[in-house]
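As you go down the protein sequences, you meet chains A and B in turn. Position one of the first sequence corresponds to residue 303 (this note's numbering), numbered consecutively onward. Position one of the second sequence corresponds to residue 303 (this note's numbering), numbered consecutively onward. Think of the CB as a built atom: it goes at the ideal place given N, C-alpha and C, for glycine as much as any other residue. Reviewing the structure listed below.
Number of protein chains: 2
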Amino acid sequence: MTGREFFTARTVSEVLSGFRPARRTAVETVPLAEALHRVPAAATLSPAPLPGFAKSTVDGFAVRAADTYGASEGLPSYLDLVGAVRMGRAPDVTVPAGGCVAMPTGGVLPAGADAVVMVEYTAETMPGTVEVTRPVAPGAGLVRADEDVAAGGELVPGGRPLRAPDLGLLAAAGVVEVAVHARPRVVVLSTGDEVVPPSTPELRAGQVRDATASALAGLVRDAGGEPVLAGIVPDDAGALGTALKEALRDADLVVVSAGSSVGARDETAGAVAALGEIWCHGIALKPGKPTLLAHCGGVPLIGLPGNPLSALVVFRLVGVPLVWRLAGCERPPPEPSTRARLSRDLPSMTGRVDIVQVTVADGVATPVFGPSALLSVLTRADGCLVVPEAATGLDAGAEADVMLYR
Amino acid sequence: MTGREFFTARTVSEVLSGFRPARRTAVETVPLAEALHRVPAAATLSPAPLPGFAKSTVDGFAVRAADTYGASEGLPSYLDLVGAVRMGRAPDVTVPAGGCVAMPTGGVLPAGADAVVMVEYTAETMPGTVEVTRPVAPGAGLVRADEDVAAGGELVPGGRPLRAPDLGLLAAAGVVEVAVHARPRVVVLSTGDEVVPPSTPELRAGQVRDATASALAGLVRDAGGEPVLAGIVPDDAGALGTALKEALRDADLVVVSAGSSVGARDETAGAVAALGEIWCHGIALKPGKPTLLAHCGGVPLIGLPGNPLSALVVFRLVGVPLVWRLAGCERPPPEPSTRARLSRDLPSMTGRVDIVQVTVADGVATPVFGPSALLSVLTRADGCLVVPEAATGLDAGAEADVMLYR
């Protein structure tokens, strides 16, 4: 029944570089207001140059730069004020040699002008004449018509989740819909005879409410995915096989929150092996060793350890990048982190990644120890510290990167 | 009309410590599946101890620890196997002196036992007898009935946005609804004769599409708020006053994306002064100086600079913590950041915070310079670097914290 002996265990780096399904979600068009953190399927190009017209960046006067050369407080240039530009309107004047036009910030540069002098360096001592007390170079005080983006230039790249400022640039270019990858559907299947729904008011001895599924749903959302909680299946090979088949039908990723006993884990492995190819069974990771990764007819599957804490550590490390990748994003957005000094030695084994939950205060990271059966370890921690594969441990006082939870 | 001279300019630290409206959003109850990153109004206490029963954390045998003292590979303890615990069920046996009961991980510890021996340190060479080859201490291989959380103990604190693992612990405790602060309604009012909606297909000379509102909406969502884009008001004192009154009626925060010219800014200040108390007009911040902060009958108001880049810098620095605070969260969740070496000198002025957009590659931060009229500076940057008030600048090669965009 088990066949566990035949499956390979892998290191974390082997998993991250090697378990890379080709599947990508379909592309759909969404309005800008719903596009935040979605992953564009391709680069969006600007239909026209931006801002689209040479534009003043200061309040002042549009001039021919040459007319200001040599100007100083002691010996100003005197220019004829021939008109004013109004916001949002095309100029109805041109700037002749020896002339100038009043400009608001953001106004259209009139023909004839090649610079804008800030109002601070001018004075209007006589009506109709402007004194300029500083010279300006051509191009000063303005942006060119295509200085933000050229026609056909890239507004936002494909494959990178859209950030708030990206939405601004798209809006500026009149792009009000974006073609993005659909949110990956992550079907979470909980298993275990002891597991009951969170809404169960009273527990019988030995029963536990399904904690992992709700927490996984949060991690899936943070990774831009759509969690689908498919319910709880008893530790029964037939029921598990049926539920898995059902889950795989409409999923981009299936996550099995496995039973915690060896028997339950073997049952999961057996049911998965019948539906696809097991890629690894066991990761050199603590906590999180009894993790199963498989390809089931094009759909990746993660079998998580039974302990909620271990399950969440594994999903953060292995599942989150996978969800982004399914949506066409190869480099997930950065996570909050900080450098902190260790409050104590952290022993570890070479060849294994150790994940240690820590609190962080005043630049010091203090491990929150506790059995991985405890969820409160995770809710008390400010983040986690990764002891890398190559290390035999970290010394007290050593600086380390802590991934902070948000 | 202007009265700008009467208003105080403030430093960034004065703004962050001093502009702290007392307003908080109402409390509403949401299901767990919608509670991610919402801010609980108070601590949630556990109605019962968790896990609720003494529970095995290993596959093995429940024993009386004393029966294993002195056991070794050479001289095992021999214990009578008196039964087995099934997952999710109350044990139907007790462990007598000299006896043991087979246990799955997660099973209920039977009466009489005080420890669980891992199956790895046992052998069943004769049916009905278990050899134990290592001693265990009382409490080994199990968690106590209240080891995760005691009855009445805190599951999650109030005031801290809920993280994915928090949802797991709440589910484990049977808490399927949480009382959280409503998402702050942030009404964004765009102003300017030159500003037209993003959906405008063709621009006339001098017109610009409203970029700031869409980008602000993204920042508001990232801060847990609900953006309400109230449209575009022309540079007209009457129209602005009417629109502001309307915006204030149903907002927790009003953001005016102001016109970019001095005249437009003065008009905003005048309209705001008529409706409330201006707290400051001008922040020692670059870009972002012409920022206005006001209290309007209990509703805070931010008047942003006209340039989209400046507006977004100010909103990130001042607006984002305010949105969190309105939802009852005093310490916003951590943002992604990294340490990087500067590619070049960054001059700055003491007493002013400078925000420099940078790209980051191989640990080196390279400034992305460009007029603040350009939005593409923000979309090209990986993050921004804060040159603090006290500094006169940063030297090339110096290490600095970069706030990364996500």
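Contact check for residue 556(A) against residue 601(A) passes: the beta carbons are separated by less than 8 Å.
In this structure, the straight-line span from the alpha carbon of residue 568(A) to that of residue 608(A) is close to 12 Å. With a threshold of 16 other beta carbon atoms within 10 Å, residue 666(A) falls short and is exposed. For residue 542(A), the three-state secondary structure derived from DSSP is helix.
DSSP, reduced to helix, strand and coil, places residue 682(A) within a helical segment of the structure shown. Three or more beta-carbon pairs separated by less than 8 Å link the region 325-339 of chain B to the region 462-470 of chain B, which places the two stretches in contact.
Taking residue 548(A) as reference, the option from 394(A), 532(A), 423(A), 403(A) with the minimal CA-CA separation is 532(A). Secondary structure of residue 664(B) (DSSP, three-state): coil. DSSP links residue 596(B) through a beta bridge to 580(B), 603(B).
Interface residue (Cβ-Cβ distance to chain B less than 8 Å): residue 478(A) is classified as such.
For the region 352-364 of chain B, the set of residues with a beta-carbon nearer than 7 Å to any beta-carbon of chain A comprises 353, 354, 355, 357, 359, 361, in chain order.
Here DSSP, grouped into helix, strand and coil, assigns residue 487(A) to strand. The beta carbon of residue 498(B) sits closer than 8 Å to the beta carbons of 505, 509, 510, 511, 512, 534 from its chain, once the five residues preceding and following it are set aside; these are given in chain order. By DSSP's assignment, residue 481(B) forms a beta bridge with 331(B).
Taking 8 Å as the threshold, the shortest C-beta distance from residue 560(B) to chain A does not fall below it. Contact between residue 369(B) and residue 408(B) is ruled out by a C-beta separation of about 23 Å, above the 8 Å threshold. With distances taken between CA atoms, residue 685(A) lies nearest to 703(A) out of 552(A), 703(A), 672(A).
Contact with chain B is found for residue 565(A), since one of that chain's Cβ atoms lies less than 8 Å from the residue's Cβ. Proximity of residue 590(A) to chain B, defined by a Cβ-Cβ separation below 8 Å, is not satisfied.
Annotation: residue 693(A) has no Cβ neighbours in chain B at a cutoff of 7 Å; minimum Cβ distance is about 20 Å. Excluding residues up to 5 positions away in sequence, 358, 361, 387, 388, 389 lie with their Cβ nearer than 8 Å to the Cβ of residue 406(A) in the same chain.
Around residue 678(A), the beta-carbon contacts reaching into chain B at under 7 Å are 450, 451, 471. Sorting 328(B), 632(B), 586(B), 426(B) by C-alpha distance to the C-alpha of residue 322(B) places 632(B) at the top. Beyond the five residues adjoining it in sequence on each side, residue 640(A) comes within less than 7 Å, by CB distance, of 662, 704, 706 in the same chain, given in chain order. Remark: C-beta atoms of residue 625(A) and residue 482(A) do not approach each other more closely than 8 Å. Judged by their CB atoms, residue 545(A) and residue 491(A) are nearer to each other than the 8 Å cut-off. Excluding five sequence positions before and after residue 605(A), the CB atoms of its chain that fall closer than 6 Å to its own CB belong to 558, 560, 570, 594, given in chain order. Residue 475(B) and residue 451(B) do touch by the CB rule: their CB atoms are close to 7 Å apart, below 8 Å. Assigned with DSSP and collapsed to three states, residue 423(A) falls in helix.
Contact annotation: in the region 653-671 of chain B, no residue has its CB less than 7 Å from a CB in chain A. Only 501, 502, 503, 505, 506, 507, 508, 509, 510, 511, 512, 513, 514 from the region 501-514 of chain A bring a Cβ to less than 8 Å from some Cβ of chain B. When Cβ pairs closer than 8 Å are counted between the two stretches, the region 317-334 of chain B is seen not to touch the region 648-655 of chain A, the count staying below three. Contact between the region 575-595 of chain B and the region 518-529 of chain B is absent: fewer than three C-beta pairs spanning the two stretches fall below 8 Å. Look at residue 639(A): its C-beta is under 8 Å from a C-beta on chain B. Looking at the backbone, the Cα of residue 350(B) and that of residue 453(B) are separated by about 4 Å.
For chain A, the residues of the region 376-391 of chain B that bring a beta carbon within less than 9 Å of one of its beta carbons are 387, 388, 389, 390, 391, in chain order.
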